[in-house]
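K.L.:
Before we start, here is the structure in question, set down as structure tokens.
2 protein chains.
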Amino acid sequence: MTPWDTAVQAWARSYRAAFAAHPRTIPLPMTSPVRAPRVLEQYERAVSLLLDAGFDRAEIMPLIIALENLVLGSALDLAAPETMWELTDRILTPHLAEALAAVGEGRADRAFEVGLAAFMNHARAFLKDAGR
Amino acid sequence: MTPWDTAVQAWARSYRAAFAAHPRTIPLPMTSPVRAPRVLEQYERAVSLLLDAGFDRAEIMPLIIALENLVLGSALDLAAPETMWELTDRILTPHLAEALAAVGEGRADRAFEVGLAAFMNHARAFLKDAGR
Numbered sequence: 002m003t004p005w006d007t008a009v010q011a012w013a014r015s016y017r018a019a020f021a022a023h024p025r026t027i028p029l030p031m032t033s034p035v036r037a038p039r040v041l042e043q044y045e046r047a048v049s050l051l052l053d054a055g056f057d058r059a060e061i062m063p064l065i066i067a068l069e070n071l072v073l074g075s076a077l078d079l080a081a082p083e084t085m086w087e088l089t090d091r092i093l094t095p096h097l098a099e100a101l102a103a104v105g106e107g108r109a110d111r112a113f114e115v116g117l118a119a120f121m122n123h124a125r126a127f128l129k130d131a132g133r
Numbered sequence: 002m003t004p005w006d007t008a009v010q011a012w013a014r015s016y017r018a019a020f021a022a023h024p025r026t027i028p029l030p031m032t033s034p035v036r037a038p039r040v041l042e043q044y045e046r047a048v049s050l051l052l053d054a055g056f057d058r059a060e061i062m063p064l065i066i067a068l069e070n071l072v073l074g075s076a077l078d079l080a081a082p083e084t085m086w087e088l089t090d091r092i093l094t095p096h097l098a099e100a101l102a103a104v105g106e107g108r109a110d111r112a113f114e115v116g117l118a119a120f121m122n123h124a125r126a127f128l129k130d131a132g133r
């Protein structure tokens with residue numbers, strides 16, 4: 002069986018790619034509850050995987066939702082213009098200019114990987130703290 | 002001066018609250034680059050704060066964007082219906098039902114705090130790894 006952490010990361014990446022391919026669907030979770038049988042079954046599988054890995058029942062939905070927040074926010078960002086910050090001579094922003102130059106291309110992917118690594122480390126620490 | 006981590010958390014919470022109060026504005030970053038002088042100045046201050054704290058220039062935008070992803074995703078979630086998963090007798094989802102019952106009220110806030118704690122721990126580890 003795939004370890005839970007590999008499965009969770011694969012799910013997060015594919016979910017992000019799906020929303021990024023259809024950015025108009027990103028605000029949908031805002032208005033529509035989850036009731037499609039296939040989607041409910043996916044959540045059931047995700048919860049079962051995390052229970053089997055040793056997470057407490059009460060921890061699981063906050064973890065899943067926190068990961069969804071990151072995925073949806075990042076999908077919004079992927080749909081954003083590549084030049085997200087339009088600097089101007091009228092406002093002095095030397096540090097912002099340096100930071101933007103230092104990150105270069107692929108800032109959305111880099112940011113998502115930072116967020117995903119943060120999430121995975123935190124989730125692993127939940128298990129370790131509980132001695133599981 | 003406020004320590005960087007207190008300032009970052011306060012910013013994340015207030016930014017989330019502002020978007021949650023005006024959910025129709027959440028998809029805006031998808032289409033509109035940042036060019037308002039006041040907003041550019043805020044980014045300049047955020048970058049300066051993180052540089053002073055000891056972060057590498059190349060790390061800063063991915064960190065800021067990862068936190069924005071979490072904040073925007075969570076603001077979308079706050080605007081969602083309270084009953085986000087509509088379980089049905091036709092689909093067996095016993096583990097999902099248990100996990101939802103265990104988390105109770107305030108799932109969006111709990112999830113945001115999990116995501117924010119994950120982010121802050123990860124950011125602090127960046128500084129520690131660099132011996133700063």
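Chains as they are written, first to last, in our numbering: chain U, 2 to 133; chain Z, 2 to 133. Here a beta-carbon is modelled for each residue, glycine too, at the ideal position from N, C-alpha and C.
Taking 7 Å as the CB-CB limit, is residue 86(Z) close to chain U?
P.N.:
To locate residue 86(Z), count along the second sequence from 1; it is residue 85. Interface residue, yes.
K.L.:
Does residue 78(U) come within less than 7 Å of chain Z when only Cβ atoms are used?
P.N.:
Stepping through the first sequence from its first residue, residue 78(U) is reached at position 77. So yes, residue 78(U) belongs to the interface.
K.L.:
Since residue 116(U) contacts residue 71(Z) with CB under 8 Å, what's their CB separation in whole angstroms?
P.N.:
As a position in the first sequence, residue 116(U) is number 115, starting the count at 1. As a position in the second sequence, residue 71(Z) is number 70, starting the count at 1. Yes, residue 116(U) and residue 71(Z) are in contact; Cβ-Cβ is about 6 Å, under 8 Å.
K.L.:
If we ignore side chains and look at the alpha-carbon of each, how far apart do residue 106(Z) and residue 61(U) end up?
P.N.:
Within the second sequence, numbered from 1, the residue matching residue 106(Z) stands at position 105. Within the first sequence, numbered from 1, the residue matching residue 61(U) stands at position 60. Whole-angstrom Cα-Cα distance: 14 Å.
K.L.:
Taking the alpha-carbon positions, what's the residue 4(U) to residue 41(Z) distance?
P.N.:
In the first sequence, the residue the question calls residue 4(U) occupies position 3. In the second sequence, the residue the question calls residue 41(Z) occupies position 40. Those two C-alpha atoms are separated by around 43 Å.
K.L.:
At which residue ranges does the segment 53–79 of chain Z contain complete alpha helix (DSSP H) runs of 4 or more residues, listed in the order of the chain?
P.N.:
Counting only runs of 4 or more, we get 58–79.
K.L.:
Please confirm whether residue 123(Z) has its beta-carbon closer than 7 Å to some beta-carbon of chain U.
P.N.:
Mapped onto the second sequence, residue 123(Z) falls at position 122. Taking Cβ atoms only, chain U reaches closer than 7 Å to residue 123(Z), which makes this a yes.
K.L.:
Would you say residue 96(U) faces chain Z, with C-beta separation under 7 Å as the test?
P.N.:
The residue labelled residue 96(U) in the question sits at position 95 within the first sequence. Yes, because at least one Cβ of chain Z sits closer than 7 Å to the Cβ of residue 96(U).
K.L.:
Kindly indicate which residue of 89(U), 127(U), 28(U) and 120(U) has the alpha-carbon position closest to the one of residue 82(Z).
P.N.:
Start at 1 with the first residue of the second sequence, and residue 82(Z) comes out as number 81. It is 28(U).
K.L.:
Using a Cβ-Cβ distance cut-off of 7 Å, determine whether residue 36(U) contacts chain Z.
P.N.:
Against the first sequence, residue 36(U) aligns to sequence position 35. By this cut-off, residue 36(U) is an interface position.
K.L.:
Since residue 21(U) contacts residue 119(Z) with CB under 8 Å, what's their CB separation in whole angstroms?
P.N.:
For the purposes of this step, residue 21(U) is identified with residue 20 of the first sequence, where counting begins at 1. For the purposes of this step, residue 119(Z) is identified with residue 118 of the second sequence, where counting begins at 1. The Cβ separation is near 22 Å, so there is no contact.
K.L.:
Does the beta carbon of residue 116(Z) sit closer than 7 Å to a beta carbon anywhere in chain U?
P.N.:
Along the second sequence, one-based indexing puts residue 116(Z) at 115. Output row for residue 116(Z): interface = yes.
K.L.:
Does the count of Cβ pairs from the segment 46–56 of chain Z and the segment 88–97 of chain U closer than 8 Å reach three?
P.N.:
Cβ pair count under 8 Å is three or more, so yes.
K.L.:
Establish whether the CB of residue 17(U) and some CB of chain Z are separated by less than 7 Å.
P.N.:
Counting from 1 along the first sequence, the entry for residue 17(U) is found at position 16. By this cut-off, residue 17(U) is not an interface position.
K.L.:
Starting from the C-beta of residue 10(U), find all residues in its chain whose C-beta is less than 6 Å away, skip the five residues before and the five after it, and write them out in chain order.
P.N.:
By 1-based counting over the first sequence, the position of residue 10(U) is 9. Closer than 6 Å at the Cβ level, and outside the excluded window around residue 10(U), lies no residue.
K.L.:
Write down the C-beta distance between residue 104(U) and residue 59(Z) rounded to the nearest angstrom, noting that I regard them as a contact closer than 8 Å.
P.N.:
Indexing the first sequence from 1 puts residue 104(U) at position 103. Indexing the second sequence from 1 puts residue 59(Z) at position 58. Contact flag correct, Cβ pair sits at about 6 Å.
K.L.:
For the candidate residues 86(Z), 85(Z) and 66(Z), whose alpha-carbon lies nearest to that of residue 77(U)?
P.N.:
In the first sequence, residue 77(U) corresponds to position 76, counting from 1. The candidate whose alpha carbon is nearest that of residue 77(U) is 66(Z).
K.L.:
Just how far apart, CA to CA, sit residue 134(Z) and residue 125(Z)?
P.N.:
Shown here, chain Z extends from 2 to 133; a query on residue 134(Z) therefore has no answer.
K.L.:
How about residue 13(U) and residue 68(U): are their beta carbons less than 7 Å apart?
P.N.:
In the first sequence, the residue the question calls residue 13(U) occupies position 12. In the first sequence, the residue the question calls residue 68(U) occupies position 67. A contact, by the Cβ cut-off of 7 Å.
K.L.:
Just the C-alpha distance for residue 86(Z) and residue 64(U), rounded to the nearest angstrom, thanks.
P.N.:
Taking the first residue of the second sequence as 1, we reach residue 86(Z) at position 85. Taking the first residue of the first sequence as 1, we reach residue 64(U) at position 63. Roughly 16 Å between the two C-alpha positions.
K.L.:
In terms of residues, what are the limits of the alpha helix (DSSP H) holding residue 7(U)?
P.N.:
Position 6 of the first sequence, counting from 1, holds the residue named residue 7(U). Run containing residue 7(U): 5–22, per the alpha helix (DSSP H) assignment.
K.L.:
What number of angstroms, rounded off, separates the C-alpha of residue 43(Z) from the C-alpha of residue 51(Z)?
P.N.:
For the purposes of this step, residue 43(Z) is taken as the residue at position 42 of the second sequence. For the purposes of this step, residue 51(Z) is taken as the residue at position 50 of the second sequence. Those two C-alpha atoms are separated by around 13 Å.
K.L.:
Could you tell me whether the Cβ of residue 4(Z) comes closer than 7 Å to any Cβ of chain U?
P.N.:
Numbered from 1 along the second sequence, position 3 holds the residue referred to as residue 4(Z). Not closer than 7 Å to any Cβ of chain U, the Cβ of residue 4(Z) fails to qualify, so no.
K.L.:
Quick one: residues in its chain with C-beta nearer than 8 Å to the C-beta of residue 17(U), no 5 flanking neighbours on either side, listed in chain order?
P.N.:
Residue mapping note: residue 17(U) aligns to position 16 of the first sequence, counting from 1. Result list for residue 17(U): 72, 75, 76, 79 and 113, in chain order.
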